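Peer 1: Order-wise, the sequence lines are chains A and B. Just so you know, our numbering puts 171 at position 171 of the first sequence, and the rest follows in order with no gaps. Just so we're on the same page, our numbering is the position in the second sequence counted from 1, plus 1000. Heads up, the beta-carbon is just placed ideally off N, CA and C, and yes, glycines get one too. If you're wondering where the values come from, they're calculated on a predicted model, not measured in any experiment.
There are 2 protein chains.
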Amino acid sequence: MPPTYSISAVAKASGLSVHTIRAWEKRYGVTNPERTDTNRRKYTLGDIERFRLLRQATENGHSIGMIAELSTEELQNLDNTAEVQNPLASNRNYLAACLQAMMNLDADALEEALSHAGIVLGIDRFLSEVVVPLLKELDSGWEERRISIAQEHLASAVLRTQLEKARLTIQVPSHAPRILVTTPSGQLHEIGALLAAISAARHGWNVTYLGPNLPSDEIAAAVAKTHSNAIGLSLVYPADDPLVDSELLKIRELLPTTPIIIGGRVISHYRQTIQAIGAHIITDDHSLKQLLRSLS
Amino acid sequence: MPPTYSISAVAKASGLSVHTIRAWEKRYGVTNPERTDTNRRKYTLGDIERFRLLRQATENGHSIGMIAELSTEELQNLDNTAEVQNPLASNRNYLAACLQAMMNLDADALEEALSHAGIVLGIDRFLSEVVVPLLKELDSGWEERRISIAQEHLASAVLRTQLEKARLTIQVPSHAPRILVTTPSGQLHEIGALLAAISAARHGWNVTYLGPNLPSDEIAAAVAKTHSNAIGLSLVYPADDPLVDSELLKIRELLPTTPIIIGGRVISHYRQTIQAIGAHIITDDHSLKQLLRSLS
DNA sequence: GCTATTTTGTCTAAATTATGTCCATAAAGT
DNA sequence: ACTTTATGGACATAATTTAGACAAAATAGC
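#1: Along the chain, where does the beta strand (DSSP E) that runs through A/Y209 open and close?
#2: To the nearest angstrom, report how far apart A/D106 and A/A113 are at their CA atoms.
#3: Hey, out of B/R1271, B/I1281, B/S1246, whose CA is closest to B/I1261's CA?
#4: Are three or more beta carbon pairs between the region 1180-1196 of chain B and the region 1223-1242 of chain B nearer than 8 Å?
#5: Could you say if the region 1199-1216 of chain B and the region 155-165 of chain A meet the contact criterion of at least three C-beta pairs nearer than 8 Å?
#6: Rounded to a whole number of angstroms, what is the C-alpha to C-alpha distance between B/T1044 and B/N1032?
#7: For B/K1026 and chain A, any beta-carbon pair shorter than 8 Å?
#8: By the DSSP assignment, the alpha helix (DSSP H) with B/S1014 in it spans what residues?
#9: Determine the contact status of A/P366 and A/E247, defining contact as a CB-CB distance below 8 Å.
#10: Is it a yes or a no for the region 54-65 of chain A touching the region 92-103 of chain A, going by three-plus beta-carbon pairs under 8 Å?
#11: DSSP beta-bridge partners for B/R1041?
#12: Does DSSP put A/R178 in a helix, in a strand, or in coil?
#13: Does the separation of the CB atoms of A/R35 and A/R41 fall below 8 Å?
#14: Quick one: what does DSSP say B/I1274 is sitting in, helix, strand or coil?
#15: Does the region 270-289 of chain A come close enough to the region 1013-1033 of chain B that 3 or more CB-CB pairs lie under 8 Å?
#16: So which residues of chain A does B/V1157 contact, with C-beta pairs closer than 8 Å?
#17: Would B/T1226 pass as an interface residue toward chain A - the criterion being a Cβ-Cβ separation below 8 Å?
#18: What does DSSP give as the partner residue(s) for B/H1280 in the beta ladder?
#19: Taking the alpha-carbon positions, what's the B/A1057 to A/I48 distance?
#20: Closest Cβ-Cβ distance between B/H1062 and chain A: below 8 Å?
#21: Tell me which residues of the region 143-155 of chain A have at least one Cβ-Cβ distance to chain B shorter than 8 Å, keeping chain order.
#22: Give the range of the alpha helix (DSSP H) segment to which A/L110 is assigned.
#23: Would you identify the three-state DSSP class for B/L1188, choosing helix, strand or coil?
#24: Counting only beta-carbon separations shorter than 8 Å, does B/G1322 have a partner in chain A?
#25: How big is the Cα-Cα spacing for A/P177 and A/N206?
#26: So, do the region 163-170 of chain A and the region 141-154 of chain A have three or more beta carbon pairs nearer to each other than 8 Å?
#27: Roughly how many whole angstroms lie between the Cα atoms of B/E1073 and A/A224?
#28: Of the choices A/L180, A/P242, A/G186, A/R265, whose alpha-carbon is the least far from that of A/L292?
#29: Identify whether A/I231 lies in helix, strand or coil by the three-state DSSP scheme.
#30: Would you mind telling me which residues of chain B sit closer than 7 Å to A/L288, beta carbon to beta carbon, in chain order?
#31: What are the boundary residues of the alpha helix (DSSP H) that B/D1240 is part of?
#32: Sorted by chain position, which residues of the same chain lie with C-beta nearer than 6 Å to B/K1306's C-beta, five sequence neighbours on each side aside?
#33: What in chain B is Cβ-close to A/Y237, meaning under 7 Å?
#34: Give the residues of chain B in contact with A/A13, contact being defined as C-beta atoms less than 8 Å apart.
#35: For chain B, check one thing: does any of its Cβ atoms lie closer than 8 Å to the Cβ of A/Y270?
#36: Locate the alpha helix (DSSP H) running through A/H153, then write down its first and last residues.
Listed below in structure tokens is the structure:
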């Protein structure tokens, strides 16, 4: 792994400023990068990872002076055991920036804000503190006519791209259990399904994501073809479509034993059918995690 | 005798300017092309791939001075650590690999094939030699029931991600003319619109992409808000929806002077309306390029 | 509780280096 | 004629370096 990253590249990737990186180096010797012939610092991917861990640790309340000498390995363990949440974290700012960019139909700014949030917050907090609130805001704003269709479309398109980007960074062993994620016929909104796909991947599952609006027989055939161990379905809109009920029943008919996991804003409207087919209901990432663990 | 390429051909294929290519050669010795009897540079396919990798790496945050000395192999492994790429296998049939992966519902393989094709072929050839034929195959295969809905969904989802990825690598100056790309109400397929968005960006336009199925009044409002100089609409399916006709008319009513560019598989079914509102019809990338040039 | 000190992130200034772009001129293709 | 290319040099902007300053926050000492 040849060292090829410039200090600005490290700054972008780690969420620190170039000033801070140099200060930490001078004061605490957190890294000792090679130099070019002309004295420029040359960083490795490992350095980036180290700076990222250091930033997370400092944001969790550790002072940089105390942890600077720790090895990268020790930093990882430290991070796993740190529970101190820093309420000062500026998630509000990201959310506000996203909303403003969306209102202005400024795709570049929205992308910038989301991308930066993903780097600085880490994927878990990015999802729970930015993406989910943003989706809620989209929901309520759309109902109250505060958000136009165009704004919602723009947000969906950019968000989708960023979520896919986040998904690419997750690596899952190929022997892990497999889940098929989609939405049934009649359900056109896919962001919820995409979120579920990322969560499942985060929790160690191989995900086959098939987008929205998939008929029951296709779902069944796809489950067979991909040897999936479970199905994830997202129900967001509309709330009272009898087609959804019948599709759910058909899926259960075609796949009598496959666990079906259902989540989304409008699950309550289909609760009767969901219970009839013995599907699992999830309401948040934590319940999804529990459920997936029990299934694997 | 292997084929060779002029510096301008390399510039087009790699996305660099001829100035930059010569500067990189002079300053960092990134390549050492043979010369003709009259001292013109003669590049090989390998040189083109090297320049392309260098451009991608620089856009990824590496500075050219640091990576110029790396071998082509090291460049390939810089960011795509998992992918082992064989430049000798450039005759590989990407399209076939994509189709097979799609048939097997193997999202990972499809993603791998598309991503690899995008890197090796460059964006233009990737679009014209892989994406467009794949879309045509999807179309015909779907009509002939050779391809299931699940397979089509999978292909759409993965393709969309790869296209978005490709779009991110295109950089356009912010003062460039602006085009809004979407599909009108009733048109749910978005891949064509995404393709058009990429083409427009390739031809130097700032693109605001708003996804499929956008009502006419929203389109008009978005054009005003983003100060767009033109509208791009994609019509792929369905072929005979009176809603599309009325939406097109409404758009023209709301925006009497904005150029409207329309393309897609089913434009012939709406030809009368398209002519009535004085919209431009494009049939391929070349005609789009011509048209955009005349508008800017 | 209240200073004094240390820690820490941020910032400035000035010099150096990096990098994309451009020019002028000559030569070669078309 | 017009375009493309080669060469060497010039330029402007951006990035990086070092040394040090500064203010807010945390910590220590009393």
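Peer 2: Answer, in terms of the structure:
#1: 206-209
#2: 11 Å
#3: B/I1281
#4: yes
#5: yes
#6: 10 Å
#7: no
#8: 1007-1014
#9: Look at the range of chain A in this structure, 1 to 296, and you will see that residue 366 of chain A is not part of it.
#10: no
#11: B/R1035
#12: strand
#13: yes
#14: helix
#15: no
#16: Correcting the residue identity first, residue 1157 of chain B is Ala in this sequence and not Val. Going along chain A in sequence order, the residues near B/A1157 (Cβ under 8 Å) are Y209, L210, G211.
#17: yes
#18: B/I1261
#19: 16 Å
#20: yes
#21: S148, I149, A150, H153, L154
#22: 107-125
#23: coil
#24: This structure gives no information on residue 1322 of chain B, because the portion of chain B shown stretches from 1001 to 1296.
#25: 6 Å
#26: no
#27: 39 Å
#28: A/L180
#29: strand
#30: Within chain B, no residue comes near A/L288; the closest Cβ sits about 20 Å away, beyond 7 Å.
#31: Counting along the chain, B/D1240 falls outside any alpha helix (DSSP H), and DSSP gives it neither H nor E.
#32: Outside the shown range of chain B (1001 to 1296) lies residue 1306 of chain B, about which nothing can therefore be said.
#33: The contacting residues do not exist; A/Y237 stays about 13 Å from chain B at best.
#34: G1061
#35: no
#36: 149-168
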